[in-house]
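**Q** For the sequence shown, the working numbering begins at 14 and goes up steadily by one.
Idealized CB from N, CA, C, for every residue including glycine.
It should be emphasised that the depicted structure is a prediction, and the values quoted were computed from it without experimental measurement.
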Amino acid sequence: MQRTERIIGTVVGSAVGDALGAPFEFREAGVFRTEFPDGVGRMCGGGGWDPGEATDDTHMAVLVGESLVERKGLDLPDIFERFQRWAAGEPKDIGLQTEDVLTSGEPWDLAAALHFQVTGRAAGNGSLMRASTSAVHFAAAGREATMAAARRIAALTHGDRAAWEGTAILHELVRVALDGGDPVAAVPSVLPDVDAAHRARWSTVLAPDWHPADATEFNGAAWPCLGSALWALRTTTSYEASVAAAIDLGGDTDTVAAVTGMLSGAVYGAGAIPDRWVDALHVPLPGWGSRVLRAPDLSALAQALAG
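1) Along the alpha helix (DSSP H) that carries V131, what are the first and last residues, could you check?
2) CA-CA distance, R164 and D91?
3) Are the beta-carbon atoms of G233 and G172 separated by less than 7 Å?
4) Counting only runs that start and end within the region 79-155, where is the alpha helix (DSSP H) found for 4 or more residues in a row?
5) Looking only at DSSP bridge pairs, what is R307 linked to?
6) How is E66 classed by DSSP in three states: helix, strand or coil?
7) Under the rule that 16 or more other beta-carbon atoms within 10 Å means buried, what is M14, buried or exposed?
8) Let me know if R134 comes out buried or exposed under the rule of 16 or more other beta-carbons within 10 Å of its beta-carbon.
9) Under the assumption that T146 contacts A152 (Cβ atoms under 8 Å), give the Cβ distance between them as a whole number of angstroms.
10) Assuming L276 and P196 make a contact with CB atoms under 8 Å, what is their CB distance in whole Å?
11) Under the three-state reduction of DSSP, which class applies to A181: helix, strand or coil?
12) Output the distance between the C-alpha atoms of A28 and A35, rounded to the nearest integer angstrom.
13) The alpha helix (DSSP H) that contains C57, what's its start and end?
14) Measuring only the C-alpha atoms, how far is L109 from P50?
15) Can you check DSSP and say which residues form a bridge with A234?
16) With H, G and I counted as helix, E and B as strand and the rest as coil, what does DSSP make of H211?
17) Run through the region 29-55 for me and flag every whole alpha helix (DSSP H) of 4 or more residues, listed as ranges in chain order.
18) Nearest-angstrom Cα distance between H150 and D69?
19) Do L87 and A162 have their CB atoms nearer than 7 Å?
20) Quick check on the DSSP output: the alpha helix (DSSP H) that includes M275 runs from which residue to which?
21) Would you check if there are 3 or more beta carbon pairs closer than 8 Å linking the region 289-298 to the region 257-274?
22) Exposed or buried, which one is T116 when buried takes at least 16 other CB atoms within 10 Å?
23) Cα separation between R307 and R214?
24) With M142 and A271 assumed to form a contact (beta carbons below 8 Å), what rounded beta-carbon distance in angstroms separates them?
25) Assuming contact is defined by CB atoms lying nearer than 7 Å, are D267 and D31 in contact in what I supplied?
26) On the three-state DSSP scale, how would you describe W223?
27) For my contact list, V24 and L239 are in at a C-beta cut-off of 8 Å; report their separation, rounded to the angstrom.
See below:
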């Protein structure tokens, strides 16, 4: 498979998972099978979302990606400003923690840290959900560079290092997949590069015998979100089956499916994503007027990031 297919698969695959999972958010387990007993899942819409409409997960991934391309590298203040403009555009959905950070009025390099200092809670999955574009961009730079970049981007909105480390792991697993490797098999080699204070907990949720039913937090937290995505990848044999398994877990279905689609898209490539899902995908971008991106736009962004 051409590397380009994997690159596009990462970005488009994450967006498709996001849009497919959005109508099922916060519903019970098994909802996807119930909705589609014939096994042919469709972009159905619901919960305030049109069929194929992507959520804040993809909005933020696009903002990160376009900053990386336009600024020709990592410009953290620029990414933060784009996030703030987006938040001011009144998106349909925005994480409470992310909204608090972006609207606090604090500078880009202090806002998340101050929020965490006050609340003590900042290990949500919001830094994982937007990682497709940055993971593609930094993959060619190698493990150390891609993991370091992931931490810095995560820290813009998440003050808890647990979220940084989860995003760093995800970046590295995408890098492995883009190189044609097996991200599931790569986990043991990645864990030594995780901050020592957080390594044990990440080792638990990424273990080969871990199941989402073992989670001690709602899957809106970073640990079960990434653990569930990896579980969905290793227990299925196709892009389609992996995202369906992720959505069927219930809970934060758009983000768990976005992270699953990111990994699965990198493994199976863009050609493995069903056309009926890709054709319906659209990404309205709050804060940017009437701008709407579609799959060809995301494909072009992915290739620009890798270039």
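**A** A quick look at the data gives this:
1) 124-132
2) 16 Å
3) no
4) 89-101, 109-115, 124-132, 139-142, 145-151
5) H295
6) strand
7) exposed
8) exposed
9) Not a contact, Cβ separation roughly 11 Å.
10) 6 Å
11) helix
12) 11 Å
13) That residue, C57, is in no alpha helix (DSSP H); it is neither H nor E in DSSP.
14) 34 Å
15) G137
16) helix
17) 44-48
18) 20 Å
19) yes
20) 266-281
21) no
22) exposed
23) 37 Å
24) 5 Å
25) yes
26) coil
27) With a Cβ gap of about 18 Å, V24 and L239 do not count as contacting.
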